[in-house]
Amino acid sequence: MRTRIIGTGRAVPDTVLTNADFERMVDTSDEWITTRTGIKERRIANGEQALSDFAIPAAEQALEMAGVDGSDVDLVICATVTADTVFPATSTQIQHAIGAGTAAAFDISAACTGFIYGLGIADSMIRGGTATTAVVVGGEVLSKITDYTERATAVLFGDGAGAAVLRASPEEDHGLLSVALHSDGSLGKLIYRPGGGSRHPINSADSDHSLTYLRMRGNETFKIAVRSLAEVSDEVLTACGIGHSEVRWFIPHQANRRIIDAVGQRLEIPDGHTYINVDRYGNTSAASIPIALDELNRDGKIARGDIVLVSAFGSGLTWGAGVMRW
Ligand code: ACO
1 MRTRIIGTGR AVPDTVLTNA DFERMVDTSD EWITTRTGIK ERRIANGEQA LSDFAIPAAE
61 QALEMAGVDG SDVDLVICAT VTADTVFPAT STQIQHAIGA GTAAAFDISA ACTGFIYGLG
121 IADSMIRGGT ATTAVVVGGE VLSKITDYTE RATAVLFGDG AGAAVLRASP EEDHGLLSVA
181 LHSDGSLGKL IYRPGGGSRH PINSADSDHS LTYLRMRGNE TFKIAVRSLA EVSDEVLTAC
241 GIGHSEVRWF IPHQANRRII DAVGQRLEIP DGHTYINVDR YGNTSAASIP IALDELNRDG
301 KIARGDIVLV SAFGSGLTWG AGVMRW
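Residues 1 to 326 (the numbering used here) are what the sequence shown spells out, left to right.
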């Protein structure tokens, strides 16, 4: 028995922030952003919108594609670092909105790797018999924790959500074949948000507002990202005996075009088999892989039997990968 993705969905804000917009906001240029990151524009939520405004429609679309009623869902996982509220979990809002009875629902915090952590957990729960039908959402509203006066991070991030419906399938050779998940907390300060938790609560007398913004040491992160994405992708392919040349779609986390190109070269993924949309969305953290997966799937570009490799890397540090035969 394997776990299969039987439906996907996505939702992003309508507002587009282009590199030209950033040229008016900070000391940067379209040329710098394009050559260093590959990003041309990103979607940004308005002041009223929160994660569930994108996570819920993404989940609804995925259910519609799967032909599954919300009442049949018994597990909802939402991967995010920008939930509507610190608690309760945004997954419970999704559970309620889709009418998922009294399904188990929880959020997971693994930053950009969150969707792959969600896939791995849902797969274990389905194959272990504690769930039959899961909705896994990866979503972020990083614009709410981005300092738009700080050019090194401001230009990188975007908002949105993607979702997948997972179900058990009796076919041994179709579905999720292998998942690998890793972390290294010694590198926790490469990408983090210092404030808003119990270390620096926002309600303390001396609370420093700047601590609530995301911070990143991009240059150091870059090198580790390339190495870990390549290694973990190799790990899952080796675990199920699939050669790199057999990968029809490699969907890496969309953080930076240069990282994607470097990993694709190391893995020797055939030309045209790596999916890239970072130019249109920027880095949407946990949403990046499910948004990309839905674009490919909804456009009919993934055929039954195709090998799909997903891998991601992010704050924690965390990294992981999954390989499936569609
Ligand atoms: N416009 C113009 N110049 C800029 C900008 C900007 N937007 N941002 C930085 N610079 C300048 C810097 O100040 C620096 O100037 P200096 O040489 O005078 O000091 C110069 O550009 C080079 O800066 P670097 O940080 O070394 O640039 P780099 O080539 O490394 O690119 C980037 C920066 C894009 C952030 C890259 O390092 C990167 O993508 N890192 C990985 C990010 C990542 O993968 N994060 C993981 C996921 S995030 C998550 O989990 C939420």
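C-beta atoms are modelled at their ideal positions from N, C-alpha and C, and glycine is treated no differently.
All values reported here derive from a predicted model rather than from experimental measurement.
Alpha-carbon spacing of I116 relative to S207, whole angstroms:
Mapped onto the sequence shown, residue 116 falls at position 116. Mapped onto the sequence shown, residue 207 falls at position 207. Straight-line measurement puts the Cα of S207 at about 34 Å from the Cα of I116.
Pairwise C-alpha distance: R257 and L177
Position 177 of the sequence shown, counted from the start, is the residue given in the question as residue 177. Position 257 of the sequence shown, counted from the start, is the residue given in the question as residue 257. Cα atoms of L177 and R257: separation of roughly 27 Å, rounded to the nearest angstrom.
Return the first residue and the last residue of the alpha helix (DSSP H) that S233 is part of.
Here the question's residue 233 lines up with position 233 in the sequence shown. Looking at the DSSP string, the run of the alpha helix (DSSP H) that includes S233 is G218 to A239.
I'd like to check one pair, L190 with L309: are the Cβ atoms closer than 8 Å?
Counted from its first residue, the sequence shown places residue 309 at position 309. Counted from its first residue, the sequence shown places residue 190 at position 190. The Cβ atoms of L309 and L190 do not sit closer than 8 Å to each other.
Cβ-Cβ distance between G128 and G162 below 8 Å
By one-based count along the sequence shown, residue 128 stands at place 128. By one-based count along the sequence shown, residue 162 stands at place 162. No, Cβ-Cβ distance for G128 and G162 is not below 8 Å.
Would you say the beta carbon of I56 comes nearer than 7 Å to a heavy atom of the ligand ACO?
Translated into positions along the sequence shown, residue 56 becomes position 56. The answer is no for I56.
In terms of alpha-carbon separation, which member of P13, R42 and A11 lies closest to N19?
As a working note, residue 19 is residue 19 in the sequence shown. Residue R42 is the option with its Cα nearest to N19.
Top-ranked residue by Cα proximity to Q61, from E268, V136 and R304
Taking the first residue of the sequence shown as position 1, residue 61 is located at position 61. Residue V136 is the option with its Cα nearest to Q61.
Please state the DSSP three-state secondary structure of I56.
Here the question's residue 56 lines up with position 56 in the sequence shown. Residue state, collapsed to three classes: helix.
Could you spell out where the alpha helix (DSSP H) holding A96 opens and where it closes?
Here residue 96 refers to the residue found at position 96 when the sequence shown is read from its first residue. First, the residue type needs correcting, since residue 96 is His and not Ala in the sequence shown. Per DSSP, the unbroken alpha helix (DSSP H) holding H96 starts and ends at T90 to A97.
Expected contact under 8 Å - CB spacing of T212 and G195 to nearest Å:
Position 212 of the sequence shown holds residue 212. Position 195 of the sequence shown holds residue 195. Contact holds; Cβ gap of about 4 Å.
Any chain B beta carbon closer than 8 Å to V310
Looking for chain B here will not work: only one protein chain is present.
Between the Cα of R215 and the Cα atoms of S311, V16, A59 and F157, which residue gives the shortest distance?
The sequence position of residue 215 within the sequence shown is 215, counting from 1. Considering only alpha carbons, the answer is F157.
Can the beta-carbon of G7 be found closer than 8 Å to that of A79?
Against the sequence shown, residue 7 aligns to sequence position 7. Against the sequence shown, residue 79 aligns to sequence position 79. It is not a contact, given that the beta carbons lie outside the stated cut-off.
Strictly by DSSP, which residues pair up with L17?
As a position in the sequence shown, residue 17 is number 17, starting the count at 1. According to DSSP, L17 bridges with R42.
Three-state secondary structure assigned by DSSP to F32
Stepping through the sequence shown from its first residue, residue 32 is reached at position 32. Going by the sequence as given, residue 32 is Trp instead of Phe. Looking at W32 - three-state DSSP - the assignment turns out to be helix.
Meets three-Cβ-pair contact criterion under 8 Å: the stretch 3 to 17 and the stretch 279 to 293:
Inter-segment contact for the stretch 3 to 17 and the stretch 279 to 293 is present: three or more beta-carbon pairs are separated by less than 8 Å.
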